[in-house]
Structures are given as structure tokens and as C-alpha cells.
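Numbering follows my numbering, in which position 149 of the sequence shown is assigned residue number 240; successive positions increment by one, without gaps.
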Amino acid sequence: MKLIVSICFLSLALTACKSAPSKPGSFAGLFRDRDDNPEPPNPSPIPIGDEIVVGFNTALPRLTHEEWENTVKDAFLLDAKPGIASRFSQDDNSTIFHNDAAANRLTSNLWKDYQEAAEELGEKIASNDGLVKKLIPEGTPSMENQARAKAILAPIIRRAYRRPATEAELNGLSAIYLKGKELTGKQKFDNAGLKASIAAIVQSPQFIYHPEVGVADGEMAILQPYEIATRLSYAIWKSIPDEALLTAAATGKLATATQVKAQVARMMADPRATDMMKYFVNELFETKKFVNLTKNEKLFPTFPNNLGDTLKREAELYIEDVVIKNNGGITKLLTSSYTFVNDKTAPLYGVPAPKSNELTRVDLDPKTRAGIITQIGWLASNATSERTSTIHRGFYVMNRLACDEVPPMMGTDSPPVKAFKTRRDEITDKTAGCGAQCHNNYINPPAFALEAFDAAGVYRTSENGNPIDTSGIYGQESNRDPQTSFKNAVELMKGLSKRVTTHECFVKRAIELLYNRRTNSSDGEIVKKLGEESLGGKGTKDIMIELLTDMALLGQRSDKSTSADSEGAEP
Numbered sequence: 092m093k094l095i096v097s098i099c100f101l102s103l104a105l106t107a108c109k110s111a112p113s114k115p116g117s118f119a120g121l122f123r124d125r126d127d128n129p130e131p132p133n134p135s136p137i138p139i140g141d142e143i144v145v146g147f148n149t150a151l152p153r154l155t156h157e158e159w160e161n162t163v164k165d166a167f168l169l170d171a172k173p174g175i176a177s178r179f180s181q182d183d184n185s186t187i188f189h190n191d192a193a194a195n196r197l198t199s200n201l202w203k204d205y206q207e208a209a210e211e212l213g214e215k216i217a218s219n220d221g222l223v224k225k226l227i228p229e230g231t232p233s234m235e236n237q238a239r240a241k242a243i244l245a246p247i248i249r250r251a252y253r254r255p256a257t258e259a260e261l262n263g264l265s266a267i268y269l270k271g272k273e274l275t276g277k278q279k280f281d282n283a284g285l286k287a288s289i290a291a292i293v294q295s296p297q298f299i300y301h302p303e304v305g306v307a308d309g310e311m312a313i314l315q316p317y318e319i320a321t322r323l324s325y326a327i328w329k330s331i332p333d334e335a336l337l338t339a340a341a342t343g344k345l346a347t348a349t350q351v352k353a354q355v356a357r358m359m360a361d362p363r364a365t366d367m368m369k370y371f372v373n374e375l376f377e378t379k380k381f382v383n384l385t386k387n388e389k390l391f392p393t394f395p396n397n398l399g400d401t402l403k404r405e406a407e408l409y410i411e412d413v414v415i416k417n418n419g420g421i422t423k424l425l426t427s428s429y430t431f432v433n434d435k436t437a438p439l440y441g442v443p444a445p446k447s448n449e450l451t452r453v454d455l456d457p458k459t460r461a462g463i464i465t466q467i468g469w470l471a472s473n474a475t476s477e478r479t480s481t482i483h484r485g486f487y488v489m490n491r492l493a494c495d496e497v498p499p500m501m502g503t504d505s506p507p508v509k510a511f512k513t514r515r516d517e518i519t520d521k522t523a524g525c526g527a528q529c530h531n532n533y534i535n536p537p538a539f540a541l542e543a544f545d546a547a548g549v550y551r552t553s554e555n556g557n558p559i560d561t562s563g564i565y566g567q568e569s570n571r572d573p574q575t576s577f578k579n580a581v582e583l584m585k586g587l588s589k590r591v592t593t594h595e596c597f598v599k600r601a602i603e604l605l606y607n608r609r610t611n612s613s614d615g616e617i618v619k620k621l622g623e624e625s626l627g628g629k630g631t632k633d634i635m636i637e638l639l640t641d642m643a644l645l646g647q648r649s650d651k652s653t654s655a656d657s658e659g660a661e662p
């Protein structure tokens, strides 16, 4: 199959990137055989016209592994995802949603994975007459010639590249199709042609990336219709545009906010949009960490060590109820005093147990529990098997939920080991020299409020026989948000939900997911507007729709991509 790769890319090098941005060497390495290309390039910024330079990784987002699977399934009309990407080199996991275009780079190992996957996929389809038949449109010329090859390839390329093929691309790929028997050894014309051409298509930069280059307009690049269609489809469905969206792009019906809103409304009714919103909130609250939780059996005898899947499902049901069924936003997620329990988890919450292991909705004590942060799964996953992870809990609230920034912390020697009555006493002592603004105002206060829950997430009022002080003040006085005073975790969550910066943070996180990038200064206006509307009760779905239909955000790409906030590591 290596011979196919060499011949395929010799042709594609002359055709596939004719309309893409150019820079000497930018794509050259992608057209060499793997032995000649030990390290595929991640090029420098690409000049667009005379006035703008667009960074490669933001102008050309690479498919995530999940997007690769979905794209292959939908482009080649498969009944299910092929499951090949599970063997790919791991995507970058340094950002919340693992889709940051600047972080997901094309490494030499991943490039090898792509080559092998393309060849495997071509063989999989070519060896199944039923799959081959699905890819042959009605009315295709019967002669084994270029006309037949083009008729078969044109709709495939349109789906795989998310736009119509150029004449050069169609000529190059049809030439490969015609050489299929020679290249593959298969005797059936279409089976051989598809094996060779699919291997080439799936390795093309036009498949691996979804370009957002646009047309230069001062400091902005104005995205074109097929780029907008692709941006919408990957934001909402994590896959290619469907026929209706491609047709809208082809007929100039993605040019106004009204036209885009009509498409977004249609797309958001698809079950895949529901999956996207669930993914957003589940990743935000890290519910996948709830699986495989274990606790010290001697210290926490009521916490079964096979509870992880149940706790993850509990959180998923809560998120589905708040966000999907009731279109709630960050306020409801942080303050609603109910959850879903079964006979194993009810005792941990101190509520009557259902008579089965089926998760059932119950109201929790509103004086002790408020929202997902005070649920067993989140609390237990942000703890060790024996004690609370106090700093982890506090840093999460400050960084992921509030998007608060703090000055660099001062280094300090570890204090001498000594006995402490409570974890609050210990953490206060150990962080005294780390920078008061950081710990005293932002990390320690929420951490101390959450000390009302032990490592198993069970509510408590004392630690080692000593009373626990859960009061504090979060943040610093500003012209936008006051400091948040609280006596306990419930008051903390309610106080955070009244801060406009918390709601702006929720909007920023949505932008990160939908647009494959960190927020920057050009997002300020929409972040402020939607933050205020979220504070007023605007739901998650409505926030998503507005972000996807804002033409300044959707239809333009700025080179000003410096992050306005950061996802830091725990201090």
C-alpha cells in the first residue's frame, strides 16, 4: 500500500491545495512517503493578501480524533464509526475540551497513524460490495472510464472536503481511481478505484484540517460560505455539514444572521446537538473523573469502591435535567438542591434510599447541598482515598468556574511538619508565604467552604473532633463584582452565581468549545453581553445559539489570538 501512498500524493501535491493558503514548505511534507517525512511540519503563520497574517493552527484547525471518526463515517456513508482513531497518538489534553486548534498539532507519530488509517479504511470499504454500492450515485455512467470515476468521486469529495472539489482535485483523484487495479491488485474496477482514491482523500490536508482562512479585510479574515458551514457543523455536530447546510453555502444563504439562525435552529434540533451540550457541561465539571473512585475502606466503610459509574451517571442525569430538559444555565447548575440517588448513594446523602439500584430524583437539604459541586461525585473525585484535596477544590472553583486570574505566586520553603486541628488550619499555615492575593482571596475561601464534605463527599460539621469553619470571603472588590461573603458552601455557590464574572466565564468556556480556541480581546463585547444575560437567567442552549449566530464571531477570524484567560496548573 506504500506504493499507493507515493503515487497518490504525487498527484495530490499538484491539485489538492491549489485554493488553500500557501507558504513554501507548508504542506510539502504531507505529500511525501513516511520514510522521507520523519517530522511533518507545523508551519509558521501564513500571509493572506497584503494586510493579514493568520496563524496556521487557528486558520486550519486539525480534526480531533472524535471528529475524524465522525467525518469518516458521514463522508463515506458508513453505518457506524470505524473505531480506528482509538489507536491514534493521544490528542492534547491540556485544555478543557481537548479541541484547541493551537494545541492539537500534527506529530510524526500521528501522521503515521493517519497514513495507516487511510489505507485500512480504503481496504475496509473496497472489500465490502455493499459499502461500495452505497458510494455509487444513481445515473453513474457504466463505462469504466474517467467520467464514471468523476461521477463517483465528486459527491465523496464534497462531503469529505466539506466543499465541492476543484477541477484539478477531481482530475487528480479520478486519475488515481483509474489506476486502482494496478495499484491495489483488486480486479473490480470500482472496488480498486475506491480503495486507492479513499486512501488519498483521507490523507489529504483538505480532509485532516478544516480551513478557516477567509478573505483578508484589514486585520480580519472574512470567512466564506463553506467555511462558515463547516464551522457550524463541527461546533454543533463534530462532523461534516449535511446536505441542507452545503446547499445553503452553495446558494449564498449563509450570508446574514437571519439565514444562519435558521440553519442553527434546525441543527440544534438534531440529537447530536444535545450530545454537544451534554459534553460541554460534563467536561466542564470533569464527570469522567468520577469513574473508578476508591476510598480507604477503614476510613470510609459506607463508600463502596464500585460506585464510580453510578456517580458519573448521577451527574449526567442532573446535567440532562438542568441543561437539556429545562434549558438551565450556570446558576441552576451551581445552586439546585436536588440530585439522583439509588440504594447505594442515598445513605451518603442522608436521604431515604429507593428500593432499587435505579437512580431516582430526590431533594437534598438546601442548607447543606447546592448544585453539582456539592454532589458526592465531584467532591469524592477531588479528594484522595483518605483526605480532601483542599487546594484542588479551591483552585477548580477559582480557575474553571470563575475564570479569575491571580498574580504569580511567590516561592516558599515547606513549613516544618506540625500538628493541625483541621485542614483549614493546615492549609492556612502552608500557604501563608505563597502569595496572599492568590490563596487568601481566591483559592482558600472556596476550598474551606467545601471542607464541610469529607473525602467521600459526606457532609460533616467537625474534623477529628474539632469544629470546621466554612466561612470566608471570595474575591476582591471591583467595579463589576463585590466580594462574596459566605458562611458555608451553599452560600458560596449562591454568591458565585450572582457574580457577572462567573457568568462571563461560562460564556468563555462555551466559546472555547464551539470555536476550537481560547478567548481573546476581540470576544469582549459578546462575552459581556451574554454574561449579563446569563446572570439574568439565559439558558445554556440559548447562549450556544447566540454564540453560533453572532456574525462577528462566526464569520470572521482575527489574528489577535492571545488568550484573555488561562487554564493554569494547580499551585
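All C-beta atoms in this analysis are idealised placements derived from N, C-alpha and C, irrespective of residue type, glycine included.
List the endpoints of the continuous beta strand (DSSP E) containing residue i.
{"i": "F167", "result": "Here F167 belongs to no beta strand (DSSP E), and DSSP marks it neither H nor E."}
{"i": "D560", "result": "It is not in any beta strand (DSSP E) - D560 carries neither H nor E in the DSSP assignment."}
{"i": "F431", "result": "Y429 to V432"}
{"i": "S576", "result": "T575 to F577"}
Consult DSSP for residue i and reduce its assignment to one of helix, strand or coil.
{"i": "Q466", "result": "coil"}
{"i": "R153", "result": "strand"}
{"i": "S288", "result": "helix"}
{"i": "I227", "result": "coil"}
{"i": "T707", "result": "Residue 707 lies beyond the residue range present for the chain, which begins at 92 and ends at 662; the question has no answer from this structure."}
{"i": "T338", "result": "helix"}
{"i": "F511", "result": "coil"}
{"i": "F376", "result": "coil"}
{"i": "R550", "result": "Correcting the residue identity first, residue 550 is Tyr in this sequence and not Arg. Correct three-state label for Y550: strand."}
{"i": "Y533", "result": "helix"}
{"i": "A474", "result": "strand"}
{"i": "T479", "result": "strand"}
{"i": "F394", "result": "coil"}
{"i": "F381", "result": "helix"}
{"i": "M92", "result": "Caution applies to M92, whose pLDDT of 48 falls short of 50 and renders its modelled position unreliable; the model cannot decide the point."}
{"i": "F486", "result": "helix"}
{"i": "S612", "result": "helix"}
{"i": "M642", "result": "helix"}
{"i": "G263", "result": "helix"}
{"i": "F118", "result": "For F118, the pLDDT reaches just 25, beneath the cut-off of 50, and the residue's location in the model is therefore unreliable, although a value from the coordinates is still provided. Coil."}
{"i": "K435", "result": "coil"}
{"i": "S180", "result": "coil"}
{"i": "L41", "result": "With the chain running from 92 to 662 in the structure shown, residue 41 is simply not present."}
{"i": "E582", "result": "helix"}
{"i": "T459", "result": "coil"}
Pull the bridge partners of residue i from the DSSP assignment, please.
{"i": "I319", "result": "Answer by DSSP bridge pairing: none, since I319 is not bridged."}
{"i": "I313", "result": "V306 and Q647"}
{"i": "P366", "result": "Correcting the residue identity first, residue 366 is Asp in this sequence and not Pro. Note: D366 sits in no beta bridge, so no partner."}
{"i": "D454", "result": "Y429"}
{"i": "I564", "result": "S576"}
{"i": "F544", "result": "Y550"}
Report buried or exposed for residue i, applying the criterion of at least 16 other Cβ atoms within 10 angstroms of its Cβ.
{"i": "G485", "result": "buried"}
{"i": "T552", "result": "exposed"}
{"i": "F122", "result": "Residue confidence is low: F122 scores 25 on pLDDT, short of 50, so the model does not pin down where it sits. Its coordinate-derived value is still stated next. Answer is buried; the Cβ neighbour count reaches 16."}
{"i": "D361", "result": "exposed"}
{"i": "T465", "result": "buried"}
{"i": "R515", "result": "buried"}
{"i": "K677", "result": "Since the first residue shown for the chain is 92 and the last is 662, residue 677 is missing from the structure and cannot be characterised."}
{"i": "N417", "result": "exposed"}
{"i": "V306", "result": "exposed"}
{"i": "S447", "result": "exposed"}
{"i": "M234", "result": "exposed"}
{"i": "G324", "result": "What sits at residue 324 in the sequence shown is Ser, not Gly. Buried."}
{"i": "G228", "result": "The residue asked about is misnamed: residue 228 is Pro in this sequence, not Gly. Exposed: under 16 other Cβ atoms inside 10 Å."}
{"i": "E542", "result": "buried"}
For the alpha helix (DSSP H) containing residue i, list its first residue and its last residue.
{"i": "D361", "result": "Taken as a continuous stretch (DSSP letters only), D361 belongs to no alpha helix (DSSP H), as it is neither H nor E."}
{"i": "I299", "result": "P296 to I299"}
{"i": "W202", "result": "S199 to A217"}
{"i": "C596", "result": "V591 to Y606"}
{"i": "Y252", "result": "Where Y252 is concerned, there is no enclosing alpha helix (DSSP H), given that its DSSP letter is neither H nor E."}
{"i": "L402", "result": "G399 to I410"}
{"i": "L345", "result": "Here L345 belongs to no alpha helix (DSSP H), and DSSP marks it neither H nor E."}
For the stretch 320-338 against the stretch 153-171, do three or more pairs of beta-carbon atoms, one drawn from each stretch, fall closer than 8 Å, so that the two count as touching? These segments touch.
Is there contact here, the stretch 233-240 with the stretch 188-197, by at least three beta-carbon pairs under 8 Å? No: fewer than three Cβ pairs fall under 8 Å.
Count the CB pairs spanning the stretch 387-400 and the stretch 420-434 that are closer than 8 Å, and state whether there are at least three. The stretch 387-400 is not in contact with the stretch 420-434.
Cβ contact check for the stretch 623-641 and the stretch 598-605: 3 or more pairs under 8 Å: In the pairwise beta carbon analysis, the stretch 623-641 is classified as touching the stretch 598-605: at least three pairs are separated by under 8 Å.
With contact counted as at least three CB pairs below 8 Å, one residue from each stretch, are the stretch 465-476 and the stretch 560-576 in contact? No, they do not touch.
Would you call the stretch 275-286 in contact with the stretch 209-220, where contact means no fewer than 3 C-beta pairs closer than 8 Å? Yes, since at least three Cβ pairs between the stretch 275-286 and the stretch 209-220 fall closer than 8 Å, the two stretches touch.
So, do the stretch 474-488 and the stretch 374-389 have three or more beta carbon pairs nearer to each other than 8 Å? The stretch 474-488 makes contact with the stretch 374-389, as at least three CB pairs between them are under 8 Å.
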